[in-house]
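In our numbering, the protein residues as written are 937 to 1306. All remarks here apply to the structure that follows.
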Ligand SMILES: [Zn+2]
Ligand SMILES: [Zn+2]
């Protein structure tokens, strides 16, 4: 009995500590640059109120378990395959059910959204931070997009690489999209949707000053699609906001202040992504090893991503090749052969798991005093 109790106690202790580590680790995902807030979001989510397979409350439970800060329920306005079982005369209903399921002490924000579901062009368009989905439902796409903008929505182009609408998988602008962008009616574009990454969409975002988005477009369960319990995660858009208020998050989305975390890849413009990398990879000097001209440094990774670096500097390393991997929430030592004693060194790296352009990796450089 005593040993049974002891075993239980031990198992309980282990579970407690692993849960603690897990929740601490995942909760922050990435450390925000000074004075900013990183809001983890998924702004493209379906329920049974369009062609999804789950009731809206499950979407809230999933997001809370995955420690997201913000979700938008974005059921198709036009495509209603369950209409015989769920007549759905009020297109705000899935959002309202989700919102009412949210626990009072939950940190999760839930906003209203809709997927304006038309053939190409313009294809499928999401509107989030909307006030009333019913008024966005129109026969022609432009009236819906105009109404969404009238409601102050953040509007973005979904899966522009979707093979059902672009059989070559290549995202490209039609004159209609150019018109929407010119008139500031379209503000963002999905660079990542579900399990696809579109380099063309990333290029279009950078050229046209559109906000980059990565979304799950989830219809089934996120656990089944992304192996959450085994450490996986859905595509997450991080909004770089001035505060955690809805107003500042909305403003940051309209001002292109985002980056994406997709599998182990970080995707965003230089302006957005580089400061995030600097706040998550910290290099400190441990000085020269006694009786040597070998300078030792620690690279600390404060993020949930495995950071993959290629050292680009002039010196050779003593213990590593130029390829350095640092696991989430851990640190790695590098030893640099500086040839003579130096007060400071420059340590430049290419970040192999961070893209600031379709085929362009982020480059960072540290000036470290020894
Ligand atoms: Zn769609
Ligand atoms: Zn969708």
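Don't be surprised by glycine CBs; every beta carbon is placed ideally from N, CA and C.
Counting other Cβ atoms within 10 Å of its Cβ, residue 1204 reaches 16 or more and is therefore classed as buried.
By DSSP's assignment, residue 1063 forms a beta bridge with 1050, 1091. A contact is defined here as three or more CB-CB pairs under 8 Å, and the region 1234-1245 fails this definition with respect to the region 1183-1192. Between residue 1179 and residue 976, the alpha-carbon positions lie close to 13 Å from each other. The straight-line gap separating the alpha-carbon atoms of residue 1252 and residue 1276 is approximately 13 Å. The continuous beta strand (DSSP E) containing residue 1126 extends over residues 1124-1129. If the five residues before and after residue 1274 are omitted, its C-beta is found closer than 7 Å to the C-beta atoms of 1229, 1231, 1251, 1281, all from its own chain and listed in chain order. Counting of Cβ neighbours within 10 angstroms places residue 1160 among the exposed residues, the total staying below 16.
In its chain, beyond the 5 residues on either side, 1010, 1012, 1060, 1062 have a beta carbon closer than 6 Å to the beta carbon of residue 1051.
Under the three-state reduction of DSSP output, residue 1077 falls in the helix class. For the pair residue 1146 and residue 1165, the Cα-to-Cα distance works out to about 33 Å. In this model, residue 1115 and residue 1057 are separated by some 11 Å (Cα to Cα). Ranked by how close their Cα comes to the Cα of residue 1218, the residues 1156, 982, 1153, 1284 have 1284 in first place. Under the 8 Å Cβ criterion, the region 1205-1225 counts as touching the region 1284-1297, having at least three qualifying pairs. Shortest Cα-Cα distance from residue 1258 to any of 1267, 1271, 1174 involves 1271. Residues with their Cβ less than 7 Å from any non-hydrogen atom of ligand 2, running along the chain, are 980, 982, 1010, 1012, 1051, 1060, 1094, 1153. Cβ atoms of residue 1144 and residue 1094 stay farther apart than 8 Å, at about 16 Å. Rounded to the nearest angstrom, the Cβ distance from residue 990 to residue 1018 is 12 Å, too far for a contact under 8 Å. Looking at the backbone, the Cα of residue 1305 and that of residue 964 are separated by about 29 Å. Scanning the region 1200-1252 for uninterrupted alpha helix (DSSP H) segments of 4 residues or longer gives 1206-1216, listed from N- to C-terminal end. Under the three-state reduction of DSSP output, residue 1027 falls in the coil class, being neither helix nor strand. Around the beta carbon of residue 1296, fewer than 16 other beta carbons sit within 10 angstroms, so the residue counts as exposed. Not one heavy atom of ligand 1 lies closer than 7 Å to the C-beta of residue 1151.
For residue 980 and residue 1168, the gap between their C-alpha atoms comes out near 18 Å. For residue 1151, the uninterrupted beta strand (DSSP E) segment begins and ends at 1147-1151.
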